[in-house]
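*Asks:*
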Amino acid sequence: MLSDEQHGFLRGKSCVGQLLSVLDRIGKNLDMRLQTDILYLDIAKAFDTVDHKLLLQKLFHFGVADKVLNWFSNYLSERQQRVLVHGATSDSLPVTSGVPQGSILGPLLFLIYVNDLPSSVSSPSVNVSLFADDTKCFSTIESLSDARNLNTEFKNVQNWAHSWRLNFNAEKCKVLSITRKRYPIVADYVIDARALQHVPSQKNLGVTVSSDLTWTIHIHEKITKANRLALMANVDFEL
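What follows is the structure, encoded as structure tokens:
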């Protein structure tokens, strides 16, 4: 029932599996001296902005109906939230969107909500991979025509998001072109009339991927962190 491209919160799947799946395809392209453009997409406040009415629609299309659907409706409704700051408590306000975080059902409900995101892409040359809300769109780029095709499918993904009242954070969405060509194909991928930022490397799910798919940057970051921890272990904290 759930998309094969979803790797989050599912038995037998993990962020490591998602990374390996994506990087294996990109590595094969690199072996053939082909460029791959990856769009790293960030859904703004993803778990908090799930529309309850639309979620119930999706549950219905999954075959959830009658008493069970009513149970989910009751589960999501009449929730309250308030804020405690320096001992002062705000008034309670109704929660009208979002899946209950920290709950057992919350992750599954979110996966159902974004399940059809990959199907918003129709081109067989454009791939979508998910780890919960972490989304990657990527394609082999041999010409500007391929880049335009990827941008078209990116627009389709944006249209899907708008239809389900989700928004991408343009500031956090990035483009990484993976190639060892001296002169890579450079193209704009547009969201809300602005081009996404091209980056030389991108940290994703704990791994820093560089434009040449070597691991120098990632290894350097890990060594720096290990040295920092080793230094802390040798420090004698005294009052």
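First residue of the sequence shown? That's 1 in UniProt numbering, and the numbers climb one at a time after it.
Ideal Cβ positions, reconstructed from N, Cα and C, are used throughout, including at glycine.
Quick caveat, the model's predicted, so the values are computed rather than measured.
(1) At which residues does the beta strand (DSSP E) containing serine 210 begin and terminate?
(2) With three or more beta-carbon pairs closer than 8 Å as the criterion, would you say the region 91 to 110 touches the region 47 to 56?
(3) Alpha carbon to alpha carbon, how far is proline 124 from aspartate 24? Give it in angstroms, no decimals.
(4) So what's arginine 194 in DSSP terms, helix, strand or just coil?
(5) How should proline 118 be labelled, buried or exposed, when 16 other C-beta atoms within 10 angstroms of its C-beta is the threshold for buried?
(6) By DSSP's criteria, phenylalanine 47 is part of a beta bridge. Which residues make up the other side?
(7) What are the residues that DSSP puts in a beta bridge with asparagine 149?
(8) Just the C-alpha distance for valine 121 and alanine 132, rounded to the nearest angstrom, thanks.
(9) Find out if the Cβ-Cβ distance for the pair aspartate 37, serine 139 is shorter than 8 Å.
(10) Confirm the yes/no value for this check: CB of asparagine 115, any heavy atom of the ligand ATP, distance under 7 Å.
(11) Looking at C-alpha atoms only, which residue of Thr179, Pro184, Gly102 and Asp91 is the closest neighbour of phenylalanine 9?
(12) Run through DSSP, which three-state label would residue 301 get?
(13) Is threonine 96 near histidine 52, with beta carbons less than 8 Å apart?
(14) Within 10 angstroms of its Cβ, does leucine 19 collect 16 or more other Cβ (buried), or is it exposed?
(15) In the structure shown, what three-state DSSP assignment does threonine 140 receive?
(16) Given a cut-off of 8 Å, decide if valine 128 and asparagine 149 are closer than it, judged by their beta-carbon atoms.
(17) Helix, strand or coil, according to DSSP, for residue 241 in the structure here?
(18) Sorted by chain position, which residues of the same chain lie with C-beta nearer than 8 Å to isoleucine 112's C-beta, five sequence neighbours on each side aside?
(19) Round the Cβ separation of tyrosine 40 and leucine 176 to the nearest angstrom and send it over; I've been treating them as touching at under 8 Å.
(20) Where does serine 211 land, buried or exposed, given buried means 16+ other C-beta within 10 angstroms?
*Replies:* The relevant details are as follows:
(1) 207 to 210
(2) yes
(3) 17 Å
(4) Shown here, arginine 194 sits in a strand according to DSSP, grouped into three states.
(5) buried
(6) BP columns for phenylalanine 47 are empty, so no partner.
(7) Partner(s): none; asparagine 149 has no beta bridge.
(8) 18 Å
(9) yes
(10) With respect to small molecules bound, the structure shown includes none, and the ligand ATP cannot be examined in it.
(11) When only C-alpha atoms are compared, the closest one is Gly102.
(12) With the chain running from 1 to 239 in the structure shown, residue 301 is simply not present.
(13) yes
(14) buried
(15) strand
(16) Cβ distance not < 8 Å, so asparagine 149 and valine 128 don't count as in contact.
(17) This structure leaves residue 241 out entirely; the chain is present only between 1 and 239.
(18) Leu2, Leu55, Lys58, Leu59 and Phe62
(19) Confirmed, about 7 Å.
(20) Buried, because 16 or more other Cβ atoms sit within 10 Å of the Cβ of serine 211.
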